[in-house]
Amino acid sequence: MTSRPGPLPPAPPSRGDAAAAAPLTDGEWHRMHPLTPLLKGGIFLIVILGYVVNSLRDQVVELFIPGGGGRQDDGDPVRYVYEHGVVGWVLLGIVVVLVVLIGLFYLSWRMHEFRVTGEIVEVRSGVLFRTNRKARLDRIQGINISRPLVPRIFGTAKLEIAQAGNDANVQLAYLGVRAADDLRQRILVLASGAKDDDRRHDPARASNGVLQDRVDEIFSPELDPAAVRATRIVKVHPGRLIASMLLSGTTVFIVLAVAAMIVSVAVTGEYGILFGLFPAVIGAGGYYVRKFSRSLQYTIAETRDGIRIGFGLVSTSNETLPPGRIHAVSVAQPLLWRPFGWWDVRINRATNAGNGASNNQQVSSIVLPVGTAADVREVLDIILPGLVGTAVAGPSASQEQLREGSSEAVNVVDDSLTTTGDRGGFVHSPRRGAWLRPFSFRRNGYRFVQGAVLLRLGAVWRSLVIVPLPRVQSVKVSQGPLERGLRLASVHVQTVQGPVAARVGALDAQDAQRLWSDTAERAVEAAAADTSHRWREREARLGAGGDAAVPQAVDTTAPTASDATPSGPQGAHRTDAAPPGPWGEVPPPGAAR
6 MTSRPGPLPP
16 APPSRGDAAA
26 AAPLTDGEWH
36 RMHPLTPLLK
46 GGIFLIVILG
56 YVVNSLRDQV
66 VELFIPGGGG
76 RQDDGDPVRY
86 VYEHGVVGWV
96 LLGIVVVLVV
106 LIGLFYLSWR
116 MHEFRVTGEI
126 VEVRSGVLFR
136 TNRKARLDRI
146 QGINISRPLV
156 PRIFGTAKLE
166 IAQAGNDANV
176 QLAYLGVRAA
186 DDLRQRILVL
196 ASGAKDDDRR
206 HDPARASNGV
216 LQDRVDEIFS
226 PELDPAAVRA
236 TRIVKVHPGR
246 LIASMLLSGT
256 TVFIVLAVAA
266 MIVSVAVTGE
276 YGILFGLFPA
286 VIGAGGYYVR
296 KFSRSLQYTI
306 AETRDGIRIG
316 FGLVSTSNET
326 LPPGRIHAVS
336 VAQPLLWRPF
346 GWWDVRINRA
356 TNAGNGASNN
366 QQVSSIVLPV
376 GTAADVREVL
386 DIILPGLVGT
396 AVAGPSASQE
406 QLREGSSEAV
416 NVVDDSLTTT
426 GDRGGFVHSP
436 RRGAWLRPFS
446 FRRNGYRFVQ
456 GAVLLRLGAV
466 WRSLVIVPLP
476 RVQSVKVSQG
486 PLERGLRLAS
496 VHVQTVQGPV
506 AARVGALDAQ
516 DAQRLWSDTA
526 ERAVEAAAAD
536 TSHRWREREA
546 RLGAGGDAAV
556 PQAVDTTAPT
566 ASDATPSGPQ
576 GAHRTDAAPP
586 GPWGEVPPPG
596 AAR
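Position one of the sequence shown corresponds to residue 6 (the numbering used here), numbered consecutively onward.
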């Protein structure tokens, strides 16, 4: 016997297709789409049917074209059954197997249930071995709707709720496409702390006819563009996407491998080596086709409930990342992209899809596959307000105020993509750092903006890393024997695991210690003011007329111990700043630890 946690959530508005989601969020147990067992296990039946059809091929041809069936194989099972007069028994066995399979599918569907309450999304399934998975609404890292090709044909979709941890995601597979989209919106409303869904005033979806609506659902990555209510939308140009793939490191590796094989044939005269090219060509072609089809129709949009990322052509996927769920952002430029001024944007998230979870790992890390500096600025304008805006404007700020609060970080990143030295207020490696960073010692550096720490890295492969201070897990300073001899050190601002590594090396030892102490102190202050886990709760309280106590933002602009080291453009000139003590010295009372 299970108890229902918390009060029942308010019913969603009954308008248009959104009414399909209303009974799904009432706290009671509900079942998946009736075609779920077929979509999950139907491939087994398709394999059996293909085998039977292939076995009957010669008999069917012989029936219509005497003598056209070709040579009859003595080991043909269908011919054996016919010649021994056991056709009836075989048909009876097939019927029994089909009845058993249908019964198992029905039982599996009956035992696969889910419920959505005001606090959790819970799924239980299994006939002999029962499984039960729960996702807390205030810990949701993202909600993804994926539609593989076959489920899209049947008008179904998979809704996956991303949670922090390894293999912690919760799947609702499969639901109707409209119900999945509306349920996603409703779960986000409950997770945000809002009192009710303000989408009740949105116009109902316009219908262009049953056939046209089905075609739109199949080929559109975003089921309801009107529900996005986006103020900014960034799209990836297909031609630029193809060119970026051809100029990738994978292409360079393939070209070098082919060149090496050709040279080997020319030197040794052994043409058998060329046969090794065929698997490589097939594998490379498949890789590029999959990557291209997955990256087509890539869009990034700003919504009230977070960032909406959609991509895919054959199998489409679109995910909403609530505010505060991004732990680090990286803007990077490979060497071959530099003549064209292209960049990509990647993020770290506190989720790791494991066994049984979605394979759409691309949407979990890549926010912008390829784009110009203008595209990067648009993407940063979308993702940074919810990350660093709160530290400046406070937890009760509007979206426009958050965007204004994050403008400094956006401007610094935009102006620092290609800079070196102390330009932009960065503290960079000293000249003796050239022994360890011969090309990038003048570019490697850091600086603070309100709400984030920025790391500028690399000279050949440029990158700029933004770590929101509320998301900092810890700060690590390390010195190897060479660094110790050169009075250098490395600093690692640790966040959740992901493709973004917030680590800068070859810094002056005293600069590294300043970065360590300032980051630790500012991170504690920013975490105290962070309310992104319930990003619309204060709005709901104020809308209800109550002025309940809400944690106020810590004034990060007030003088603190770390403010003795300026973090603005003058941060590179610290003539009046007292350097921290030696590594072994005990910090004074009140210092960041």
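Every residue, glycine too, gets a C-beta built ideally from N, C-alpha and C. As the structure is a computational prediction, the values presented were derived from the model and not from experiment.
Nearest neighbour of residue i, chosen from the options [CA to CA]
i      : options                        : result
Pro374 : His242, Gln406, Ser322, Gln455 : His242
Gly32  : Ile125, Leu97, Leu96, Asp172   : Ile125
Arg461 : Val417, Thr500, Gln478, Gly274 : Val417
Arg408 : Leu385, Gly429, Asp427, Leu43  : Leu385
Gln502 : Ser370, Arg189, Leu422, Ser151 : Ser370
Ser113 : Val104, Leu103, Val132         : Val132
Ser421 : Ala528, Pro28, Gly463, His89   : Gly463
Asp380 : Val336, Ile150, Val239, Arg351 : Val239
Ala173 : Phe444, Ile148, Gly426         : Ile148
Ser197 : Ala494, Asp310, Gln404, Thr356 : Asp310
Thr325 : Leu96, Val220, Gln168, Leu520  : Gln168
Leu493 : Gly291, Arg141, Asn449         : Asn449
Leu54  : Met37, Ala285, Pro39, Leu103   : Leu103
Arg452 : Gly490, Val496, Trp466         : Val496
Gln484 : Gln515, Leu469, Val470         : Gln515
Val220 : Val260, Val182, Val194         : Val182
Arg245 : Phe297, Ala528, Val95, Ile145  : Phe297
Leu195 : Gln146, Arg527, Leu142         : Leu142
Thr424 : Leu469, Tyr293, Thr356, Arg144 : Leu469
Ala184 : Ile166, His38, His89           : His38
Arg527 : Pro504, Val498, Asp513         : Val498
Same chain only: Cβ atoms within 6 Å of residue i, ignoring 5 sequence neighbours per side
i      : result
Val591 : Because the pLDDT at Val591 is just 36, under 50, the model does not fix this residue reliably, and the value given afterwards should be weighed accordingly. If we look at Val591 and ignore the five residues flanking it on each side, it has no Cβ neighbours.
Leu441 : Ala511
Val393 : Ser411, Ala414, Gly456, Ala457, Pro473
Arg152 : Ala162, Thr321
Ala398 : Gln406, Leu407, Gly410
Pro556 : Confidence in Pro556 is poor, its pLDDT being 42 and thus under 50, which makes the residue's placement unreliable; the coordinate value appears in the next sentence. For Pro556, where only same-chain residues beyond five positions count, there are no Cβ hits under 6 Å.
Leu43  : none
Ala532 : Pro475
Arg467 : Gln338
Ala517 : Val482, Ala494, Val496
Ala289 : Ile259
Close-in-space but distant-in-sequence residues of the same chain around residue i (CB under 7 Å, 5 per side omitted)
i      : result
Leu252 : Leu341, Trp342
Thr500 : His332, Ala333, Asn353, Val472, Arg476, Val477, Gln478, Ala507
Thr41  : Trp114, His117, Ala178, Tyr179
Ser130 : Met116, His117, Thr136
Arg120 : Gly32, Glu33, Trp34, His35, Glu127
Leu487 : Leu441
Leu318 : Ser298, Leu301, Gln302
Tyr293 : Met250
Contacting residues, own chain, Cβ-Cβ under 8 Å from residue i (five flanking each side not counted)
i      : result
Leu282 : Val263, Met266
Val52  : none
Phe446 : His433, Ser434, Pro435, Arg436, Gly438, Ala439, Ala511
Ile387 : Arg237, Val239, Ile305, Ala306, Glu307, Ile312
Pro284 : none
Glu444 : Sequence inspection shows Phe at residue 444; the Glu mentioned does not correspond to that position. Ala464, Val465.
Thr256 : Met250
Ile247 : Phe297
DSSP bridge partner residues for residue i (one or two, in chain order)
i      : result
Gly315 : Thr304, Asn323
Ile99  : Per DSSP, none; premise fails for Ile99.
Glu118 : Arg36, Arg129
Thr161 : Gly181
Ala167 : Gly147
Arg138 : Val128
Ser468 : Ala337, Leu462
Gln499 : Ser479
Gln176 : Glu165
Trp347 : Its beta-bridge partners do not exist; DSSP assigns none.
Glu494 : Per the sequence shown, residue 494 should be read as Ala rather than Glu. BP columns for Ala494 point to Leu512.
Val239 : Ile305
Pro284 : Note: Pro284 sits in no beta bridge, so no partner.
Gly376 : Trp348
Pro473 : Ala457
**OP:** Evaluate the contact criterion for the segment 338-351 versus the segment 425-442: three or more CB pairs, one atom per stretch, below 8 Å.
**Re:** no
Subject >> Inside the segment 385-460 only - alpha helix (DSSP H) runs reaching at least 4 residues >> reply: 390-398, 404-410, 412-420
**OP:** Please confirm if the segment 156-164 is in contact with the segment 98-116, defined as three or more CB-CB distances below 8 Å between the two stretches.
**Re:** no
Original post:
Are the segment 126-145 and the segment 296-304 touching by the rule of at least three beta carbon pairs closer than 8 Å?
Top reply: no
Subject >> At least three beta-carbon pairs within less than 8 Å, the segment 317-333 to the segment 530-539 >> reply: yes
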